[in-house]
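A quick write-up on the structure given underneath.
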Ligand code: GTR
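Numbering (mature numbering (1 follows the signal peptide of the UniProt record, and there is no 0)), first residue to last: -26 to -1, 1 to 319.
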């Protein structure tokens, strides 16, 4: 805990230093190759940026980040370095997003779950059962409507560069959990956003929003009874050790997103913007492959680790239970929900 706090502080100090030496004059260190455009944008400048990641180094999103950073380095002839900081070293997602808005952290990979509090449009991903499967998710993400959502973040001080895979989220508990009714009365940790609170209410549970990094100890000490996530996070966070009952209800498919601060983006030359945008898109395939492998491995590992896993055979009662949430938000998300319907492969 203390170590994490310390590294966050060091991180903030480094960000401040970067703001002074980095973006302020269009680059860090190398002034020789730097030519300023009339608009104040530096061409050929050298940069060192930071990318905040919640997961450890061997997790598929972190691998995607690293591939992205490698491609940017290579295609900029070594001018642009993006240092990936895994394991929430730069802070938990909500605070990282705030720092990205301010330009204090240049890049991050986060879930679209917490993004709902920063951009109304992004809330759509937290609606339950709007996608049938992963192919449906990707068919939408790669459509004009999906990429349009990435651009819509500009009004929130960020720019979406690419989506990454995140499978589907299901509930797990320290208490027996094999059916919908078992959730009634449980205290369930959720990613902080209004939609998640509504979903828990519809399921008769009580929502406890808290940062990801606090979930393990909260499950262990009984502060919460349950949480929800995909197989890779369930495994990598070791939540299965303290909440071994996993019920595969797949209530949400909340993709991951790679972001750059708009403040930083606006200072880059058009050439560098292209390099960054394209590198992000070119890292998707690798991330998806790594995701597929790690998802399978995680399932095997949690089974070996003693988790009891229950498949859901009939999703009808689940969909009925959360239907009021969809009804509540349908008019707000009408257009994008239609695009999601239309993207069904
Ligand atoms: C994971 C996601 C993280 C974080 C976490 C959570 O699936 O990859 O970025 O959002 O869920 O539940 O907080």
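Cβ coordinates follow ideal geometry from the N, Cα and C atoms, glycine included.
Buried versus exposed, by CB contacts within 10 Å (16 or more), residue i
i, result
"residue 11", "Residue confidence for residue 11 is low, a pLDDT of 49 falling below 50, so the modelled location carries little weight; the figure read from the coordinates is stated next. Under this definition residue 11 is an exposed residue."
"residue 269", "buried"
"residue 226", "buried"
"residue 297", "exposed"
"residue 150", "exposed"
"residue 308", "exposed"
"residue 290", "exposed"
"residue 158", "exposed"
"residue 261", "buried"
"residue 77", "buried"
"residue 31", "exposed"
"residue 166", "buried"
"residue 120", "buried"
"residue 295", "buried"
"residue 319", "exposed"
"residue 86", "buried"
"residue 207", "buried"
"residue 224", "buried"
"residue 133", "buried"
"residue 200", "buried"
"residue 366", "Because the chain is modelled from -26 through 319, residue 366 falls outside the range shown and cannot be assessed."
"residue 27", "buried"
"residue 196", "exposed"
"residue 156", "buried"
"residue 246", "buried"
Cβ pair residue i, residue j closer than 7 Å
i, j, result
"residue 22", "residue 29", "no"
"residue 72", "residue 84", "no"
"residue 193", "residue 216", "yes"
"residue 254", "residue 42", "yes"
"residue 317", "residue 50", "no"
"residue 176", "residue 160", "no"
"residue 187", "residue 62", "yes"
"residue 234", "residue 81", "yes"
"residue 116", "residue 256", "no"
"residue 93", "residue 127", "yes"
"residue 34", "residue 259", "no"
"residue 64", "residue 79", "yes"
Residue i: first and last residue of the uninterrupted alpha helix (DSSP H) it sits in
i, result
"residue 233", "Where residue 233 is concerned, there is no enclosing alpha helix (DSSP H), although the beta strand (DSSP E) it sits in stretches over 230 to 235."
"residue 122", "118 to 126"
"residue 171", "168 to 176"
"residue 151", "Per DSSP, residue 151 belongs to no alpha helix (DSSP H) and is neither H nor E."
"residue 290", "290 to 303"
"residue 258", "258 to 278"
"residue 281", "Element bounds for residue 281: n/a, residue is neither H nor E."
"residue 315", "308 to 316"
"residue 192", "189 to 195"
"residue 113", "108 to 115"
Straight-line Cα distance separating residue j from residue i
i, j, result
"residue 123", "residue 129", "11 Å"
"residue 16", "residue 241", "7 Å"
"residue 182", "residue 145", "14 Å"
"residue 25", "residue 315", "33 Å"
"residue 300", "residue 20", "47 Å"
"residue 236", "residue 272", "35 Å"
"residue 230", "residue 18", "31 Å"
"residue 168", "residue 292", "19 Å"
"residue 164", "residue 287", "24 Å"
"residue 153", "residue 109", "26 Å"
"residue 220", "residue 39", "29 Å"
"residue 213", "residue 56", "30 Å"
"residue 139", "residue 266", "9 Å"
"residue 276", "residue 284", "13 Å"
"residue 173", "residue 311", "17 Å"
"residue 218", "residue 147", "6 Å"
"residue 171", "residue 104", "17 Å"
"residue 70", "residue 59", "12 Å"
"residue 131", "residue 280", "44 Å"
"residue 304", "residue 313", "13 Å"
"residue 111", "residue 252", "21 Å"
"residue 203", "residue 209", "10 Å"
"residue 96", "residue 306", "12 Å"
"residue 228", "residue 107", "11 Å"
"residue 191", "residue 118", "41 Å"
Element boundaries [beta strand (DSSP E), containing residue i]
i, result
"residue 158", "Residue 158 -> no beta strand (DSSP E), and no H or E assigned at all."
"residue 226", "219 to 226"
"residue 24", "21 to 27"
"residue 135", "132 to 138"
"residue 202", "200 to 203"
"residue 211", "Premise fails: residue 211 is in no beta strand (DSSP E) and is neither H nor E."
"residue 183", "180 to 183"
Within-7 Å CB hit, residue i to chain C
i, result
"residue 63", "Among the chains of the structure shown, chain C does not appear; only one protein chain is present."
heavy atom of the ligand NAP below 6 Å from residue i C-beta
i, result
"residue 170", "As far as ligands go, the structure on display features the ligand GTR and does not contain the ligand NAP."
Run through the stretch 31 to 104 for me and flag every whole alpha helix (DSSP H) of 4 or more residues, listed as ranges in chain order. 34 to 49, 67 to 76, 86 to 89
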